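Inspection log for the structure reproduced underneath, given as structure tokens.
Shown next as structure tokens:
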């Protein structure tokens, strides 16, 4: 019996068929709505983590498509409307600005400011 590789992660709908078409076996289960929303959030991070290693425009397009597909599914699963999302984007642009100026923060004195963005 071949070794089993345990993934324990959300996969796209056609992946089990592709595994079986190669003569391999797999075990899957359908997630509850709550589990699905949780796993979609994890999947966003997984897909986004591939972006820095893209070396070509084609690779970047493929990875961006994956990220956007997961974000779209998460939006749908959470019942977030396009209008709600557009409002949040507009609010963030107004309060935080965008990225057009390409500002890179090298350091800041500690004034107690907190952000949801990670720093190192």
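Residue numbers (our numbering): -6 to 113.
Note that CB positions come from ideal geometry on N, CA and C, so glycine has one too.
Just so you know, these numbers come straight off a predicted model, no measurement behind them.
Contact between residue 43 and residue 23 is ruled out by a C-beta separation of about 26 Å, above the 8 Å threshold. At least 7 Å separates the beta-carbon of residue 60 from that of residue 81. Bounds of the alpha helix (DSSP H) holding residue 83 are 75 to 89. For residue 32 and residue 1, the gap between their C-alpha atoms comes out near 10 Å. Around the beta carbon of residue 36, a 10 Å sphere encloses 16 or more other beta carbons of the protein chains shown; the residue is thus reported as buried. Assigned with DSSP and collapsed to three states, residue 23 falls in coil, not helix or strand. The beta carbon of residue 66 lies closer than 7 Å to those of 33 in the same chain, with the five residues before and after it left out. The DSSP-derived three-state label of residue 5 is coil.
CA-CA distance, residue 69 to residue 77, rounds to 12 Å. Collapsing the DSSP output to three states places residue 57 in a helix.
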